[in-house]
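Chains E and P, in that order, give the protein sequences.
Following UniProt numbering, the numbering of the first sequence begins with 1 at its first residue and continues without gaps.
Following UniProt numbering, the numbering of the second sequence begins with 1 at its first residue and continues without gaps.
Glycine included, C-beta positions come from ideal geometry on N, C-alpha and C.
Down below is the structure, laid out as structure tokens.
Protein chains: 2
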Amino acid sequence: MDTRRPMRADARRNYDHLLVQAGEAFQAHGVDASLEDIARAAGVGIGTLYRHFPNRDALLLALTEERFDRSRASAEALLDAADPVAALTSWLRRFIANSATYRGLPESVTSVLTNPDSSLYATCHAMQDAGGRLLARAQQAGAVRPDVSARDVFLMAAAIGWANSQVPDDPERIERLLSLLIDGLSRPYAGPGLPERAHIVS
Amino acid sequence: MDTRRPMRADARRNYDHLLVQAGEAFQAHGVDASLEDIARAAGVGIGTLYRHFPNRDALLLALTEERFDRSRASAEALLDAADPVAALTSWLRRFIANSATYRGLPESVTSVLTNPDSSLYATCHAMQDAGGRLLARAQQAGAVRPDVSARDVFLMAAAIGWANSQVPDDPERIERLLSLLIDGLSRPYAGPGLPERAHIVS
DNA sequence: TGGCCAATCGGAGGTAGCCTCCGTATATTA
DNA sequence: TAATATACGGAGGCTACCTCCGATTGGCCA
Chain E
1 MDTRRPMRAD ARRNYDHLLV QAGEAFQAHG VDASLEDIAR AAGVGIGTLY
51 RHFPNRDALL LALTEERFDR SRASAEALLD AADPVAALTS WLRRFIANSA
101 TYRGLPESVT SVLTNPDSSL YATCHAMQDA GGRLLARAQQ AGAVRPDVSA
151 RDVFLMAAAI GWANSQVPDD PERIERLLSL LIDGLSRPYA GPGLPERAHI
201 VS
Chain P
1 MDTRRPMRAD ARRNYDHLLV QAGEAFQAHG VDASLEDIAR AAGVGIGTLY
51 RHFPNRDALL LALTEERFDR SRASAEALLD AADPVAALTS WLRRFIANSA
101 TYRGLPESVT SVLTNPDSSL YATCHAMQDA GGRLLARAQQ AGAVRPDVSA
151 RDVFLMAAAI GWANSQVPDD PERIERLLSL LIDGLSRPYA GPGLPERAHI
201 VS
């Protein structure tokens with residue numbers, strides 16, 4: 001299948017070092033970390049970094065693609081779960097954790113999803129589609145309001161990841177915000193009063 | 001009260017031009033717009049920009065302070081409104097619109113709120129405190145779940161502003177996402193089943 | 001083993017944006 | 001009109017991005 005030669009030993013070594021150092025730099029400084037620092041930390045010239053990874057996104061791709069693909073697989077597995085809302089919740093929790101891996105990653109994820117030229121586009125869309133099926137299932141079961149789109153749900157999930165990275169660490173915060181989102185998604189009590197409240201105009 | 005002399009006429013003129021051009025640049029390119037471009041557009045040297053506004057935040061402050069202060073006043077006025085949830089909703093809508101004025105502004109707002117040295121700190125905190133009283137009132141009325149903090153609510157509101165700026169314009173989106181948030185905040189129907197759903201672990 | 005060359009390396013250098021500093025220009029006041 | 005406080009402007013030092021190409025080297029073959 002793969003007709004390309006294997007990498008030369010030095011190239012392979014540098015590639016691996018770069019990935020390790022990029023991971024640490026993104027962890028420490030967010031996805032805007034200096035690429036020259038990464039090259040220096042990996043003990044290679046800046047030209048070598050750019051040859052292996054022609055832009056910042058390529059580096060991000062190499063570091064995150066597998067994670068996003070596992071998230072897609074996880075969504076597909078959860079389609080068989082007993083409780084559709086629990087399945088959706090559990091998958092969203094994972095999606096949020098993924099997109100909060102590095103500071104600035106939620107921005108990249110949402111921008112990738114609207115940019116077909118991005119190398120992560122296919123992976124992210126497959127993940128989103130799989131999540132969309134989880135949402136549709138919960139809606140068909142009547143447990144989630146039917147008027148909400150997958151796009152809006154993912155946006156909100158990414159937004160929770162963003163929010164969490166904006167303020168000092170609080171290990172419980174993601175769970176609290178996710179719970180707010182899930183309650184908002186859940187089909188509200190259809191009695192008098194409540195469901196209309198959100199639509200009152202000022 | 002103000003013991004300072006009035007600005008020299010040329011200084012005043014330049015100051016005004018800079019503000020106008022900065023507003024347009026932030027509108028067009030987000031809060032990371034090039035300051036050198038702004039100076040050029042205003043017909044002044046970069047040194048003049050920095051004398052009037054020692055850093056980017058000072059420019060942002062001058063452009064947004066009044067808006068945030070009006071938001072505080074609006075929160076205080078809404079304390080007398082008949083329906084506490086409608087009042088909170090209406091104020092959050094305004095808060096979101098304010099923090100979505102420029103791309104990147106939600107980041108600045110959340111960062112200002114955790115940085116007492118920022119010149120916008122006092123204004124933003126006053127606004128947040130006023131909003132917090134609106135939330136407390138809705139909670140005391142039993143219409144909003146009591147276990148949610150003002151901090152989390154503002155974070156989510158800022159996150160909605162962020163989300164909206166990440167993807168192509170959709171005039172209805174803010175309203176849909178806000179409605180999700182409000183439904184999540186609203187005290188859920190206390191019958192069997194629903195309220196627990198959000199807390200199921202994977 | 002030795003030599004060749006394609007693959008790989010490295011960093012100089014051009015671009016852009018940030019911000020400071022200080023010699024020059026000018027609005028204001030007397 | 002002259003003196004002076006005030007304000008101007010942009011050169012220049014810094015950091016980061018990214019490209020290009022001469023120097024280097026790993027791997028293969030005789």
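Checklist entry - To which residues does DSSP link S186/E through a beta bridge? => result V144/E
Checklist entry - Going along the chain, which unbroken runs of the alpha helix (DSSP H) with 4 or more residues stay wholly within the stretch 114–174 of chain E? => result 121–140 and 150–166
Checklist entry - Run through DSSP, which three-state label would L194/E get? => result The pLDDT assigned to L194/E is 39, lower than 50, so where the model puts this residue is not dependable; a value taken from the coordinates is nonetheless given after this. Helix.
Checklist entry - L49/P touches chain E at which residues, Cβ-Cβ below 9 Å? => result Within 9 Å Cβ-Cβ: nothing; L49/P doesn't reach chain E, min ~24 Å.
Next on the checklist: Please give me, in chain order, every unbroken run of the alpha helix (DSSP H) with length at least 4 that falls completely inside the UniProt domain "HTH tetR-type" (12–71) of chain P.
Outcome noted: 35–42 and 46–52
Checklist entry - Which term fits E107/P, buried or exposed, when burial requires 16 or more other beta carbons within 10 angstroms of its beta carbon? => result buried
Checklist entry - Hey, how far is the Cα of Y15/P from the Cα of G161/E? => result 38 Å
Checklist entry - By the 10 Å Cβ neighbour count, where 16 or more other Cβ atoms means buried, how is I46/E classified, buried or exposed? => result exposed
Next on the checklist: Under 8 Å: do the stretch 95–111 of chain E and the stretch 145–160 of chain E share three or more Cβ pairs, one atom per stretch?
Outcome noted: yes
Checklist entry - Any beta-carbon of chain P closer than 8 Å to the one on residue 246/E? => result Because chain E spans 1 through 202 in this model, residue 246/E falls outside it and cannot be assessed.
Checklist entry - Under 8 Å between C-beta atoms, does I160/P make it to chain E? => result yes
Item to check | Beta-carbon gap between A141/P and P84/P smaller than 8 Å | outcome: yes
Checklist entry - L79/P by DSSP, collapsed to three states: which one? => result coil
Checklist entry - Can you tell which of Q128/E, F26/E and E172/E has the C-alpha that lies nearest to the C-alpha of L88/E? => result Q128/E
Item to check | Pairwise C-alpha distance: A28/E and L35/E | outcome: 13 Å
Checklist entry - For chain E, is any of its Cβ atoms less than 8 Å away from the one on V167/P? => result yes
Next on the checklist: Please tell me whether, using a cut-off of 7 Å, the distance from the CB of A75/P to the nearest non-hydrogen atom of the ligand FMN is below it.
Outcome noted: In the structure on display, the ligand FMN does not appear, and there are no ligands present to speak of.
Checklist entry - Is R103/E buried or exposed, if buried means 16 or more other CB atoms sit within 10 Å of its CB? => result buried
Item to check | Own chain residues within Cβ distance below 8 Å of R12/P, not counting five before or after | outcome: P6
Checklist entry - How many angstroms separate the CA atom of R8/P from the CA atom of L78/P? => result 41 Å
Item to check | DSSP state of A87/P mapped onto helix, strand, coil | outcome: helix
Next on the checklist: Just to confirm, is the Cβ distance from L19/P to A58/P under 8 Å?
Outcome noted: no
Checklist entry - Just the Cα atoms here: how many angstroms apart are F53/P and F95/P? => result 25 Å
Next on the checklist: Using the three-state DSSP reduction, which class does R94/E fall into: helix, strand or coil?
Outcome noted: helix
Checklist entry - Along chain E, which residues have their Cβ under 8 Å away from the Cβ of D152/P? => result R173, R176, L177 and L180
Next on the checklist: Can you confirm whether L185/P, when its beta carbon is compared against all beta carbons of chain E, has any partner nearer than 8 Å?
Outcome noted: yes
Next on the checklist: Is the beta carbon of L92/E closer than 8 Å to that of L178/E?
Outcome noted: yes
Next on the checklist: Please tell me whether T64/E has its Cβ less than 8 Å away from any Cβ of chain P.
Outcome noted: no
Next on the checklist: Cβ closer than 8 Å: which chain E residues qualify as neighbours of S111/P?
Outcome noted: Q166
Checklist entry - DSSP on A73/P, reduced to helix/strand/coil? => result helix
Item to check | Three-state class that DSSP yields for T101/E in the structure shown | outcome: coil
Item to check | Proximity to E24/P [Cα-Cα], best of T48/P, Y50/P, L60/P and N55/P | outcome: L60/P
Item to check | Listed by chain order, chain P residues near residue 219/E by CB distance under 8 Å | outcome: In this structure chain E extends from 1 to 202, so residue 219/E is not present and cannot be described.
Next on the checklist: For residue 212/E, would you say it is in contact with chain P, using Cβ-to-Cβ distances shorter than 8 Å as the test?
Outcome noted: Outside the shown range of chain E, which is 1 to 202, sits residue 212/E, and nothing can be said about it.
Item to check | Coil, strand or helix - R5/E by DSSP | outcome: coil
Checklist entry - Using a C-beta to C-beta distance shorter than 8 Å, which residues of chain E count as neighbours of A97/P? => result Simply none; closest approach about 11 Å.
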